[in-house]
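Chains as they are written, first to last, in the working numbering: chain R, 170 to 430; chain Z, 72 to 288. Don't be surprised by glycine CBs; every beta carbon is placed ideally from N, CA and C. Here the structure comes first, spelled out in structure tokens, and everything after it is commentary.
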Ligand code: HEM
């Protein structure tokens, strides 16, 4: 199910599957409270004895606090010199799975002519970028493993501008804490500066040697083999450097913010 | 002591208490950590099943993938630090060697056969027969492997050496799952054994008053 074939057209089961996937988190969220209660009682875990079991806000708060603590631990564990393994072309997963919070045919279409990458925040040069200008910068390519938060993984080949080159080129304050992204599919996320400067973090413009296709994030995707899939934004329209935490689409719903491998 | 199988040597001096307070505390905290880790782990597994089945949602913890991950990555601290405290006390006090060794295939088979014929004595709770020794040592190693493979799944780039030792990210997924399954199997047998010799449960909760030794720690 996870390795959805990109050649699969508009067949009904696929659409149903996608729809289910789209609404599943919301449905699940609603039953989440009852569920917590039930599992805690069922398991006979008197974890919350003393305070009201129905006061699940406190459970949520505690879990979120630990998740933020885990962000700090991961920031501390992160070794800028540790490289994700790279693979030969023969090991590329074909077809590379499509995965998003919407179905493949709903992936946004971005016109290259009118496209401008917006760069804001703690940067010296705030002018917008055309795709050609990014293509004119030094390009690198790597074949790495994309690991999804769901557990599956797939090997793909991405090429583009080393993100640290780009950040230096725009005169970003590399002592700032965060780099944030806003995307054409209304997705948004933010990452730590250390990962932004990692040598394998790419502003990917190509996939498997060709222009990044629409379903994989045209016009560009931030590709980080040191982070889980949901941290790798596609269809990027705006990049901002900041010291203010801005979360992310999934992160605001409970996924761990650092999300690093 | 006469009921002891020949393959187990008689311990010359017993530790101060067979079920000291630190052991009882770490044992129950571990049981809690394992319960949370396993049930939230099943929910995480369901997001992308590695094998041809899923766990019924009703026996999982977390409500959705994000919630299950939060439980899993919270309980991991309890599992790891509590486990380290247990191992440290167990090793430093010499209890690990006294209670779990010697152990060998011959002794395990001997005691297993005796147990099946109902001839295995549980008179002395301060003494573990060889089947218990093997099972408890096994579950210690199993949990260590669970943690190691979990580290690879969590931080496969940062723990590169561990990743290679476990055969890569995808293999680590299988290792993690199989260790979980073995842990659950251990718990199932463990619970049956406790039900058969309920006195041990009293000792594990209140301490072993029969041993006649003063409780310490
Ligand atoms: C959930 C995971 C569990 C694990 C991994 C586990 C593991 C262990 C281990 C390793 C020991 C030996 C400890 C030592 O002497 O150093 C032990 C002893 C014991 N456990 Fe558990 N246990 C678990 C759950 C439970 C549960 C749920 C119960 C009871 C309902 C239980 C009851 C006992 C008792 C009574 C003993 C003492 C046995 C004796 O003195 O002969 N355990 N357990």
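Worksheet item: What separation, rounded to the nearest whole angstrom, lies between the Cα atoms of residue 327(R) and residue 128(Z)?
Response: Start at 1 with the first residue of the first chain, and residue 327(R) comes out as number 158. Start at 1 with the first residue of the second chain, and residue 128(Z) comes out as number 57. So the two alpha carbons sit approximately 37 Å from each other.
Worksheet item: Could you give the C-beta distance for residue 347(R) and residue 402(R), rounded to a whole number, given that I count them as a contact under 8 Å?
Response: As a working mapping, residue 347(R) is identified with position 178 in the first chain. As a working mapping, residue 402(R) is identified with position 233 in the first chain. That pair is no contact at about 13 Å.
Worksheet item: Quick one: what does DSSP say residue 376(R) is sitting in, helix, strand or coil?
Response: If you number the first chain from 1, residue 376(R) lands on position 207. Strand.
Worksheet item: Hey, is residue 249(Z)'s beta-carbon within less than 8 Å of any beta-carbon in chain R?
Response: Position 178 of the second chain holds residue 249(Z). No - not a single Cβ of chain R is within 8 Å of the one on residue 249(Z).
Worksheet entry | Neighbour-count burial assignment, residue 215(R), 16 or more Cβ in a 10 Å radius | Within the first chain, numbered from 1, the residue matching residue 215(R) stands at position 46. Low local confidence applies: a pLDDT of 43 at residue 215(R) is under 50, so the model's placement there is unreliable, and no value is given.
Item to complete: From the DSSP output, in three-state form, read off residue 315(R) for me.
Response: One-based indexing of the first chain puts residue 315(R) at position 146. Of the three classes helix, strand and coil, the one that applies to residue 315(R) here is strand, per DSSP.
Worksheet item: Does at least one heavy atom of the ligand HEM sit under 7 Å from the Cβ of residue 59(Z)?
Response: An answer regarding residue 59(Z) cannot be provided, because it is not within the stretch 72 to 288 covered by chain Z.
Item to complete: Pick out whichever of 89(Z), 98(Z), 265(Z) has its Cα sitting closest to the Cα of residue 211(Z).
Response: One-based indexing of the second chain puts residue 211(Z) at position 140. Here the closest residue by C-alpha is 98(Z).
Worksheet entry | residue 311(R), buried or exposed, once every other Cβ within 10 Å from all chains shown has been counted against 16 | Counting from one through the first chain, the residue named residue 311(R) turns up at place 142. Per the 10 Å Cβ criterion, buried.
Item to complete: Measure from the C-beta of residue 272(Z) to each C-beta in chain R and report whether the shortest distance is under 8 Å.
Response: Taking the second chain and counting its residues from 1, the one referred to as residue 272(Z) is at position 201. Chain R contact via Cβ: absent.
Worksheet item: At least one CB of chain Z closer than 8 Å to the CB of residue 321(R): is that the case?
Response: Here residue 321(R) refers to the residue found at position 152 when the first chain is read from its first residue. With 8 Å as the cut-off, residue 321(R) counts as an interface residue toward chain Z.
Discussion item. Using only the alpha-carbon positions, how far apart do residue 110(Z) and residue 91(Z) sit?
Written reply: In the second chain, counting from the first residue as 1, residue 110(Z) sits at position 39. In the second chain, counting from the first residue as 1, residue 91(Z) sits at position 20. Answer to the nearest angstrom: the Cα atoms are 29 Å apart.
Discussion item. Residues in the same chain with beta-carbon distance under 8 Å from residue 278(Z), minus the five sequence neighbours each way, listed in chain order, please.
Written reply: For the purposes of this step, residue 278(Z) is taken as residue 207 along the second chain, with counting starting at 1. So the qualifying residues of the chain are 88, 90, 91, 92, 95, 286.
Worksheet item: Under the three-state reduction of DSSP, which class applies to residue 221(Z): helix, strand or coil?
Response: Start at 1 with the first residue of the second chain, and residue 221(Z) comes out as number 150. Three-state DSSP puts residue 221(Z) in a helix.
Worksheet item: Tell me which same chain residues have a C-beta within less than 8 Å of the C-beta of residue 262(R), skipping the five on either side of it?
Response: On the first chain, residue 262(R) is found 93 positions in, with the first residue counted as 1. Here the set comprises 172, 323, 324, 325.
Practice prompt. Could you check if residue 281(R) is buried or exposed, using at least 16 other CB atoms within 10 Å of its CB as the buried criterion?
Written response: For the purposes of this step, residue 281(R) is taken as residue 112 along the first chain, with counting starting at 1. Label assigned to residue 281(R): exposed.
Discussion item. Nearest by alpha-carbon distance to residue 294(R): which of 305(R), 302(R), 255(R), 336(R) is it?
Written reply: Here residue 294(R) refers to the residue found at position 125 when the first chain is read from its first residue. Of 305(R), 302(R), 255(R), 336(R), the residue nearest in Cα terms is 336(R).
Practice prompt. Report the rounded CA-to-CA distance for residue 217(R) versus residue 108(Z), giving the unit in angstroms.
Written response: Sequence index remark: in the first chain, residue 217(R) carries index 48 (1-based). Sequence index remark: in the second chain, residue 108(Z) carries index 37 (1-based). Only weak support exists for where residue 217(R) lies, its pLDDT of 41 falling under 50; the coordinates are left without a value.
Worksheet item: Going along chain Z, which residues have a C-beta under 8 Å from residue 235(R)?
Response: Here residue 235(R) is taken as the residue at index 66 of the first chain, counted from 1. Within chain Z, the residues near residue 235(R) are 141, 144, 145, 148.
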